[in-house]
Amino acid sequence: MDNFLTLFDLIGVLARRRYQVGERYFAALGLNHTEARLLRLLSQEGGEATQDALSNLLFVDRSNAGRALKRLEQEGYVARNKDDADKRTNLVQITKKGLEAVNEISELGKEMAHSFFGDLTEDEAGTIVDLMRKVIPSEEYA
């Protein structure tokens, strides 16, 4: 058996499960998985980022990020304004409501992660983290 192929397939399964679990957990806040991740990333970026930068950080295309940001803007979580330096670029800024949601998202994220990986010990989780960091460049994870 090819362990590399098995690992590759298992990571795909985990990614799908993570998305599905995230959809369920974040629905309690009236958000979907992508919206919750956008708010969290925006907070990590200092509360402001371009739409392009956010879509790159999420590894989604601009249209998916744009749809999620439109909904977040309609709900008052973010504000979008033209960048003074480049009028073609939208600057996304997190609002007070968005920052409050990030706190809830973080708490739900911890709960979700512990539930998701609950069968692992802390040491086992640490070993997997170390191994994953060997194959994923540091700039690709937050």
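The sequence shown begins at 817 in the working numbering and counts up by one.
Even glycine gets a Cβ: it sits at the ideal position worked out from N, Cα and C.
All values reported here derive from a predicted model rather than from experimental measurement.
Put simply, the backbone Cα of residue 864 is about 32 Å away from that of residue 941. Residue 890 has its alpha-carbon roughly 19 Å from the corresponding atom of residue 905. Counting the other Cβ atoms within 10 Å of the Cβ of residue 917 gives 16 or more, which makes it buried. The residue from 928, 954, 822 and 907 with its alpha-carbon nearest to that of residue 871 is 907. Apart from sequence neighbours up to five positions away, the residues of its chain that approach residue 837 with a beta-carbon distance below 8 Å are 928, 931 and 932, ordered along the chain. Shown here, residue 848 sits in coil according to DSSP, grouped into three states, outside any helix or strand. Straight-line measurement puts the Cα of residue 888 at about 19 Å from the Cα of residue 925. Residues 899, 905, 906, 907 and 908 of the same chain have their beta carbon placed closer than 8 Å to that of residue 866, with the five preceding and five following residues left out of the count. Taking the C-beta atoms as reference points, residue 849 is found nearer than 7 Å to residue 839. Taking every protein chain shown into account, the CB of residue 921 has 16 or more other CB atoms within 10 angstroms, so this residue is buried.
In the three-state DSSP reduction, residue 908 falls in the strand class (E or B). About 7 Å separates the Cβ atoms of residue 855 and residue 910, confirming a contact at the 8 Å cut-off.
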